[in-house]
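Residue numbers (my numbering), protein chains in the order written: chain A, 55 to 491; chain B, 126 to 510.
The beta-carbon is built from N, C-alpha and C at its ideal position, and this holds for glycine as well.
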């Protein structure tokens, strides 16, 4: 009987020719509409006013004896570039591949110009209807070239800004382990506070790039929200799977002591406890490590975006890297290490090498980000990665909150003043150390 | 998590990363990528600047010529074109000069290489035609308004109130004849005086009006220069500055003059928005006759500064042959188009031509040759024609 029903259902939902027809008809109608609109003699929607052009100057590079502006036609129709200027003074220039830009096409405007290092410049592009578009560069600096020297400079910056602070934060691990439950809750919620700050910060930063550099044609602001949400739900799914897999694997107790280098690998200490506990308790004990791992991955994604932004800032001459700035970033990011170790405090002891690996996962992407941002700057990619990072951060916050809710049992989250204070304090720390950057 | 799902997730993640990296690679390029297969070069004008070869297009208003079909004016023609009108004599012996000016406001013309702007013009050009008469002549100017807005002509000089072109506008399709005696002698201007005044002026409704003294002025190579600007993006700041209508025009088409010959320039400032404009002559000084209303020079100088509607007459001659710049010594204006060259020829020898390397940019274009031939037809002195 059951089988019979299933086949019936299968028949109902089978894709027949008629189904295909029903699916295709609307598409044909839409297609006919498009053809009609494109071929209509212009009577239908002709506007006597020519649509206004829009040119986005996405990037300005300073090279030997020249300034190069990367521009894109983000207006509604094809546009011809007429002239280029530096500081509102007209200069001869070349434009490649062509002065005629179709919609969303890009071009490179090369202006032979002897520029001065460290001075601000305004690069202007005038279209054939006389509209001028301008991009300001705060401080002219030679564009980083992908040389070994430049790559190692970025690596050093990335190490100082990403790896070292996270590693320093990990040193709090033994301290966290010795805390009473209330203080532990305090530090967990402090971590959540730190991360919420980071997430909001990333969203704001990508919004800033979207507004200042990307053309409205890209709808970048909605893209930020979209990417962050997709990143959040995808990572939630991944972490659920990770934890499920970890608990499944922990059921047969003895078999695997080796063969898995995974973070969720149960070690002997854990198995001892588990032997006398229920499966839900087992899950509780494996979870913190998975959460820490997810935090490390989330922070890694975030730091990749941060690295992109730092590399791009160097490339675009928006920031003069000083030791003070690096110090600010270092202090700011040290708290990220704390975020990684906090959930693991009440679990088994974690080997130092594993901590190091987590630190590298969290901090290392800064270096890669700086390389990518510095050598291959693309504002749209920066926005996308910052948004992915923000989504990752919020996933981590969710995990921590869920974890605290679970461990607090009946008391709930908002009943515990330590949690509220910790959360607020976490954001405050980030705000204060952020002032240094 | 099942194995295939992990694979799918990984696939998605990797494709996202690849997509991002390829976008970045796509938008990446730099100066060193130059492909030298094509011959277009840019940047050779300024000493010390690198010359770049490009496979793309050149954006260079300092050496490009506008196709005359689209150009708002032919600056070389305008330079020495004086309109004396249709001449007749009244019963009492007064010389009558009839002119016709057609106002229009619907054309779009190229005001700077590659830049098209809705121009409002008298007789289709910015500046409008230069009107010239002798003191005491009767001037009759018929304005035909073929535009879509009210227009008028307001002349500077002495005339009755109803001929002032301020209180009565000429409706679209209408016409009106302004009639007055040319007085006093000097260099003047005319422009539309409809409201909003700034809009009518900045779109191009203006020109030069010269009244010669009865006794005439000494023989000279005469030219008219009108300084103006264009605010093509309507932000009440000029995007381009010119002398005689097109930015940088006399840089690639130097004005040919003869050594030791007296040059007389009727100079008018019609620049909107900027409070000052000026004219600076290189390697020389000139006698300046403010407003041209006296026959004795007011000043012997190499720079004169003017507010809007101020004007005067410059007289000078070059002692040495060669290429000499003239430009606004408000350098912003100079770098946005108000700059030009005199090419002083020594008519006793041809050596000058060979010594000049600047001419290379001049001969790039088809139009340059015809303009040089025009330039040799120097208009004789002022006075009756």
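Assuming contact is defined by CB atoms lying nearer than 9 Å, are residue i and residue j in contact in what I supplied?
| i | j | result |
| --- | --- | --- |
| residue 124/A | residue 148/A | no |
| residue 355/B | residue 363/B | yes |
| residue 246/A | residue 437/A | no |
| residue 198/B | residue 251/B | yes |
| residue 80/B | residue 276/B | The first residue shown for chain B is 126 and the last is 510, placing residue 80/B beyond what the model contains. |
| residue 109/A | residue 129/A | yes |
| residue 287/A | residue 355/A | no |
| residue 392/B | residue 344/B | no |
| residue 406/B | residue 441/B | yes |
| residue 166/B | residue 376/B | no |
| residue 223/A | residue 389/A | yes |
| residue 365/A | residue 450/A | no |
How close, in whole Å, do the beta carbons of residue i and residue j come, if the pair is a contact with beta carbons under 8 Å?
| i | j | result |
| --- | --- | --- |
| residue 429/B | residue 458/B | Contact flag wrong, Cβ pair sits at about 14 Å. |
| residue 280/A | residue 417/A | Residue 280/A to residue 417/A, Cβ: 28 Å. No contact. |
| residue 372/B | residue 455/B | Incorrect: roughly 14 Å between the Cβ atoms, too far for contact. |
| residue 437/B | residue 452/B | 17 Å between Cβ atoms; not a contact. |
| residue 185/A | residue 107/A | 6 Å |
| residue 288/B | residue 305/B | 5 Å |
| residue 412/A | residue 350/A | 4 Å |
| residue 423/B | residue 414/B | 6 Å |
Considering just the uninterrupted stretch of the beta strand (DSSP E) at residue i, what are its terminal residues?
| i | result |
| --- | --- |
| residue 268/B | 263 to 270 |
| residue 384/B | Residue 384/B -> no beta strand (DSSP E), and no H or E assigned at all. |
| residue 354/B | 346 to 355 |
| residue 433/B | From DSSP, residue 433/B is part of no beta strand (DSSP E); its letter is neither H nor E. |
| residue 79/A | No beta strand (DSSP E) contains residue 79/A, which is instead part of the alpha helix (DSSP H) from 71 to 93. |
| residue 519/B | Because chain B in this structure spans residues 126 to 510, residue 519/B falls outside the shown range and cannot be described. |
| residue 553/B | Since the displayed chain B opens at 126 and closes at 510, residue 553/B lies outside it and no answer follows. |
| residue 300/B | 300 to 306 |
| residue 315/B | 311 to 316 |
| residue 401/B | Careful: residue 401/B lies outside any beta strand (DSSP E) and carries neither H nor E. |
| residue 461/B | Looking at the DSSP string, residue 461/B is not in any beta strand (DSSP E), and its letter there is neither H nor E. |
| residue 163/A | 160 to 166 |
| residue 366/B | 365 to 368 |
| residue 254/B | 253 to 259 |
| residue 472/A | Taken as a continuous stretch (DSSP letters only), residue 472/A belongs to no beta strand (DSSP E), being part of the alpha helix (DSSP H) at 471 to 488. |
Would you mind sorting residue i into buried or exposed? The rule is 16 or more other CB atoms within 10 Å of its CB.
| i | result |
| --- | --- |
| residue 404/A | buried |
| residue 163/B | Residue confidence is low: residue 163/B scores 46 on pLDDT, short of 50, so the model does not pin down where it sits. Its coordinate-derived value is still stated next. Exposed, since its Cβ has fewer than 16 Cβ neighbours within 10 Å. |
| residue 346/B | buried |
| residue 296/B | exposed |
| residue 158/B | Here residue 158/B scores only 41 on pLDDT, less than 50, and its place in the model should not be relied on; the value that follows carries that caveat. Flag for residue 158/B reads exposed. |
| residue 86/A | exposed |
| residue 483/A | buried |
| residue 439/B | buried |
| residue 460/A | exposed |
| residue 194/B | exposed |
| residue 182/B | buried |
| residue 116/A | buried |
| residue 357/B | buried |
| residue 360/A | buried |
| residue 467/B | buried |
| residue 342/B | buried |
Would you give the residue range spanned by the alpha helix (DSSP H) that residue i belongs to?
| i | result |
| --- | --- |
| residue 324/B | 322 to 327 |
| residue 251/A | 235 to 266 |
| residue 443/B | Here residue 443/B belongs to no alpha helix (DSSP H), and DSSP marks it neither H nor E. |
| residue 212/A | 202 to 212 |
| residue 176/A | Residue 176/A -> not in any alpha helix (DSSP H); beta strand (DSSP E) instead, spanning 175 to 181. |
| residue 420/B | Run containing residue 420/B: none; DSSP gives neither H nor E here. |
| residue 202/B | 200 to 204 |
| residue 406/A | 406 to 417 |
| residue 228/A | 227 to 231 |
| residue 374/B | 374 to 377 |
| residue 124/A | Premise fails: residue 124/A lies in the beta strand (DSSP E), 120 to 127, not in any alpha helix (DSSP H). |
Any chance the segment 224 to 244 of chain A sits against the segment 139 to 153 of chain A, with 3 or more Cβ pairs inside 8 Å? Too few Cβ pairs lie closer than 8 Å, so no.
Three or more C-beta pairs below 8 Å linking the segment 390 to 400 of chain B and the segment 418 to 432 of chain B: Touching, yes, given that three or more Cβ pairs across the two stretches are closer than 8 Å.
The segment 163 to 182 of chain A touching the segment 127 to 139 of chain A, judged by at least three CB pairs closer than 8 Å: The segment 127 to 139 of chain A and the segment 163 to 182 of chain A touch, with three or more beta-carbon pairs separated by less than 8 Å.
If we count Cβ pairs, one from each stretch, closer than 8 Å, do we get three or more for the segment 219 to 230 of chain B versus the segment 249 to 268 of chain B? Touching, per the Cβ criterion.
Are there three or more Cβ pairs, one per stretch, closer than 8 Å when the segment 321 to 340 of chain B is compared with the segment 232 to 245 of chain B? Yes: at least three Cβ pairs fall under 8 Å.
Contact between the segment 204 to 220 of chain B and the segment 253 to 262 of chain B (3+ Cβ pairs under 8 Å): Counting Cβ pairs under 8 Å, three or more are found: they touch.
Any contact of the segment 237 to 252 of chain A with the segment 407 to 424 of chain A, i.e. 3+ C-beta pairs under 8 Å? A contact is defined here as three or more CB-CB pairs under 8 Å, and the segment 237 to 252 of chain A fails this definition with respect to the segment 407 to 424 of chain A.
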